[in-house]
Amino acid sequence: MKGVCNDKKISRGEIYVADLNPYQGSEQSGIRPVVILQNDAGNYFSSTTIVALLTSHVGKKENLPTHVFINSREDLEHDSIIMCKQIRTIDKSRLIRCLGRLDEYEMEEVEESLSVSLGCFDDSLSINVDNPIYFENIRFFFLHVENRICHWHWIRFFLIIIFTFTWSIGYTSFIYPCKKVGYLFFPMFKCLYNIIIC
């Protein structure tokens, strides 16, 4: 099917139906929704654009940190998942018609998931409590991996208590994010660990 959106009017955050055939291996195929990721300058001047693919098969996929759940809207009939691990550069002639667009909050979610998929966290593994990015990564794991049931203010409160305690007794703690049990604190000079579960 020939696309009808090969002009310069597409915008970042818009949802389109796209013809993704042909495909190879594990690539998503067929005529399916995609969300535009490329910046609007690139969308205006380039004959290609960058997209993330959508699927209506929600299920357990909603909990993955590289996936973003969105509700149905306008011409998008089903609740869907934006798969930020399935990113493609396509010619704009593959785009068929517009189904709507993401709101600001949903775009923020997409950007966070993209940063996970592409490994764009600066110092994401740095054990540096003075680095605000480190605590932001902790917040991200709680909100996305733990199915968003933990509130950041309570998490920050417990982290402050633990760091204050370990600092006062002279221990240096290491933190390792764990999907199911929360965070494990390993004192450097003592075989003791505390399991924190929200």
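Using numbering that gives the first Met the number 0, you'd call the opening residue of the sequence shown number 0 and step up by one each time.
By construction, the Cβ of each residue, glycine as well, lies at the ideal position given by its N, Cα and C atoms.
Should residue i and residue j be called a contact, given that it needs their Cβ atoms to be closer than 8 Å?
i	j	result
Ala51	Leu75	no
Ile86	Val109	no
Val34	Gly12	yes
Ser100	Ile14	The question names Ser, but residue 100 is Arg in the sequence shown. Closer than 8 Å, so yes.
Excluding sequence positions up to five away, which residues of its chain have a Cβ less than 6 Å from the Cβ of residue i?
i	result
Ser55	His77, Ser79
Asn42	Ile9, Thr48
Leu53	Pro32, Ser79, Ile81
Asn70	Asp78
Leu124	Because Leu124 carries a pLDDT of 45, less than 50, the predicted location of this residue cannot be relied on, and no value is offered for it.
Ile159	none
When the Cα atoms are used, what is the spatial distance from residue i to residue j?
i	j	result
Val268	Val16	With the chain covering only 0 through 197, there is no way to say anything about residue 268.
Asp39	Phe157	42 Å
Pro64	Ile161	26 Å
Val57	Leu113	18 Å
Gly29	Cys119	30 Å
Leu183	Glu111	Low local confidence applies: a pLDDT of 45 at Leu183 is under 50, so the model's placement there is unreliable, with the coordinate-based value given in what follows. About 24 Å.
Leu19	Glu105	24 Å
Thr163	Val115	30 Å
Asp102	Phe44	24 Å
Ile126	Glu107	Per-residue confidence for Ile126 stands at a pLDDT of 47, beneath the threshold of 50, marking its modelled position as unreliable; no derived number is given.
Might you give, ordered along the chain, the residues of its own chain that have their beta carbon closer than 7 Å to the beta carbon of residue i, omitting 5 neighbours on each side?
i	result
Lys84	Thr65, Ser116
In chain order, what residues of the same chain lie with their CB nearer than 8 Å to the CB of residue i, ignoring the 5 residues before and after it?
i	result
Glu73	Leu98, Gly99
Checklist entry - Between the stretch 32-49 and the stretch 89-100, are three or more C-beta pairs nearer than 8 Å? => result yes
Checklist entry - In chain order, which continuous runs of the alpha helix (DSSP H) of length 4 or greater are located wholly inside the stretch 37-101? => result 39-44
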